[in-house]
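Below: the structure, in structure tokens.
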Amino acid sequence: MDPILCMDTISKALYQTIHSYIVHNDIVSYEDWHYFRTMLLESSEKQKTVDCAVLKVLEQNCYFDLGMFYISYLFDTGLDNPTTIKQAVHFLEQCYLKSFENFDSKVANELLDHILVMEKSFPNFFTNQKAIVLCLCGDFDKFSSMWSNVLDGPTKCRLMSTIFIAACRYRCIGWIWPLTMKCPFTLSAS
Numbered sequence: 102m103d104p105i106l107c108m109d110t111i112s113k114a115l116y117q118t119i120h121s122y123i124v125h126n127d128i129v130s131y132e133d134w135h136y137f138r139t140m141l142l143e144s145s146e147k148q149k150t151v152d153c154a155v156l157k158v159l160e161q162n163c164y165f166d167l168g169m170f171y172i173s174y175l176f177d178t179g180l181d182n183p184t185t186i187k188q189a190v191h192f193l194e195q196c197y198l199k200s201f202e203n204f205d206s207k208v209a210n211e212l213l214d215h216i217l218v219m220e221k222s223f224p225n226f227f228t229n230q231k232a233i234v235l236c237l238c239g240d241f242d243k244f245s246s247m248w249s250n251v252l253d254g255p256t257k258c259r260l261m262s263t264i265f266i267a268a269c270r271y272r273c274i275g276w277i278w279p280l281t282m283k284c285p286f287t288l289s290a291s
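Each residue of the sequence shown is one higher than the one before, starting from 102 at the first, in the numbering used here.
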């Protein structure tokens, strides 16, 4: 379980509330998100917990279109929490891998802009997230400059499937072959 969202009674209630709302509202406007988020924030003590929980429930239930819309909503309300940004990147990657038709490169680029701004206050905190978003946006030159100097072995292994899928989608498969790794990895895609 995500350490941010340990499953105490409050977290279970939060998840159930979010799930119930999403199941009954497949079309959600900015005003709807604002009202719902405000209600959740009143019953929870931490903003990051609410936003991360919403993104996690949306991902777990494969509501990728709503999740992309929720991330856009967060841009307008001020996406400035590092933990929420990390969860948004995770959601974006899962959307890219599992529901590409709902992936929005504009959201990915705006998320990258937020990461670059936040990186000034939190150096090295967003390295993995920056690499993921660069890859999802097809910016393989910047991504490859991070490959050998910044990313560690386990991170490289975890990202390899995402990298491979992105390179195929952007028709840049030849870009992958120069990447070196010192650990075994498995490619899997569905």
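Glycine included, every Cβ here is placed at the ideal spot set by N, Cα and C. Quick caveat, the model's predicted, so the values are computed rather than measured.
Please confirm whether Tyr271 has its beta-carbon closer than 9 Å to some beta-carbon of chain B. Given the protein chain composition of this structure (a single chain), no chain B is represented.
6 Å Cβ shell around Leu260 - same chain, five flanking residues per side excluded: none
Cα-Cα separation between Ala267 and Tyr197, rounded to whole angstroms: 9 Å
Apart from the five residues on each side of it in sequence, which residues of its chain come closer than 6 Å, Cβ to Cβ, to Pro104? With a pLDDT of only 45 at Pro104, under 50, the local geometry of the prediction cannot be trusted, and no value is derived from it.
Could you say which of Gly168, Trp248, Trp276, Leu142 lies nearest to Asn126 if we only look at CA atoms? Gly168
Tell me the DSSP secondary structure of Arg259 in three-state form. helix
Excluding the 5 residues flanking Ile186 on each side, which residues of the same chain have their C-beta closer than 8 Å to its C-beta? Leu180, Leu212, His215, Ile216, Met219, Phe227, Gln230
Can you list, in chain order, the residues of its chain whose CB lies under 6 Å from that of Phe192, leaving out five sequence neighbours each side? Leu156, Glu160, Gly168
Beta-carbon within less than 7 Å of Ser206's beta-carbon, same chain only, minus the 5 sequence neighbours each way: which residues are those? Cys238
8 Å Cβ shell around Thr263 - same chain, five flanking residues per side excluded: Glu194, Tyr197, Leu198, Ile233, Cys236, Leu237
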